[in-house]
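Enquirer: Residue numbers (the numbering used here): 9 to 209. Virtual Cβ for every residue (Gly too), placed ideally from N, Cα, C. All values derive from a computational prediction rather than experimental measurement. Structure below; questions to follow.
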């Protein structure tokens, strides 16, 4: 915070400090709608030292370098409208892709490079970019949680419960989609409609 004059005015530092920080806590919620009722881990990050910094990171990134929704749908109505405009044949198959344990599988080092490229392409000035990348380093290093008296530290991936993990995942996923989807769709004759794909067999 002391080295972020572009993003944090000197008289506003107190807004980014958690005055009573503690380790994020984890609990499990049972997925009653799934076979064998697996447990969904939920991490409460509100008391984490970098919670307010993480929230501000998301706000500032969306302000400085908003991501396009090239492969996203706005809502279920948007999906229906796009499906209606998609040419189907009797041999068409619908496919939906899901990511298992997304936050913990996002590569931190590669995402930092993508973040730098995205902000550079959006003409964010050099000093502000350095500040955002410094924030990114601070936030991603605080990837740990407490269960009872035990502290668990994750060495890779994004922190579950951190407000910035959603936008950081989207940064990586959009990069992966733009890098690989064009060749995959051409190779397998896939018709893309946002986050859904159809294929003719």
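Assuming residue 153 and residue 51 make a contact with CB atoms under 8 Å, what is their CB distance in whole Å?
Expert: Yes, they are in contact, since the Cβ atoms of residue 153 and residue 51 sit about 5 Å apart, within 8 Å.
Enquirer: If we ignore side chains and look at the alpha-carbon of each, how far apart do residue 18 and residue 64 end up?
Expert: Taking the straight line joining both Cα atoms gives about 15 Å.
Enquirer: Straight-line CA distance for residue 140 to residue 44?
Expert: Those two C-alpha atoms are separated by around 42 Å.
Enquirer: Count the other CB atoms, across all protein chains shown, that sit within 10 Å of the CB of residue 71; report buried if there are 16 or more and exposed otherwise.
Expert: When all chains shown are included, residue 71 counts as exposed.
Enquirer: Between residue 166 and residue 176, how many whole angstroms is the CB-CB distance? I'm expecting something under 8 Å.
Expert: Residue 166 to residue 176, Cβ: 6 Å. Contact.
Enquirer: Could you check where the beta strand (DSSP E) with residue 103 kicks off and where it finishes?
Expert: Looking at the DSSP string, the run of the beta strand (DSSP E) that includes residue 103 is 100-103.
Enquirer: Could you name the residues of the same chain whose beta carbon sits closer than 7 Å to that of residue 130, not counting the 5 residues immediately before and after it, in chain order?
Expert: For residue 130, where only same-chain residues beyond five positions count, the Cβ hits under 7 Å are 72 and 73.
Enquirer: Where does the unbroken beta strand (DSSP E) through residue 49 begin, and where does it stop?
Expert: First-last of the beta strand (DSSP E) with residue 49: 47-52.
Enquirer: Report the residue ranges of all alpha helix (DSSP H) runs contained in full by the segment 131-186; include only those spanning at least 4 residues, in chain order.
Expert: Those alpha helix (DSSP H) runs which fall completely within the segment 131-186 and span 4+ residues are 134-149.
Enquirer: Can you tell me whether residue 22 is buried or exposed? The criterion is at least 16 other CB atoms within 10 Å of its CB, across all chains shown.
Expert: Label assigned to residue 22: exposed.
Enquirer: Going by DSSP, which residues form a beta bridge with residue 114?
Expert: None; residue 114 has no bridge partner.
Enquirer: According to DSSP, which residues form a beta bridge with residue 34?
Expert: Paired residue(s): 51.
Enquirer: From residue 222 to residue 10, what distance separates their C-alpha atoms?
Expert: Residue 222 lies beyond the range of the chain shown here (9 to 209); nothing can be said about it.
Enquirer: For residue 61, which residues of its own chain have a beta-carbon under 8 Å away from its beta-carbon, when the five flanking residues on both sides are left out?
Expert: So the qualifying residues of the chain are 9, 24, 143, 146 and 147.
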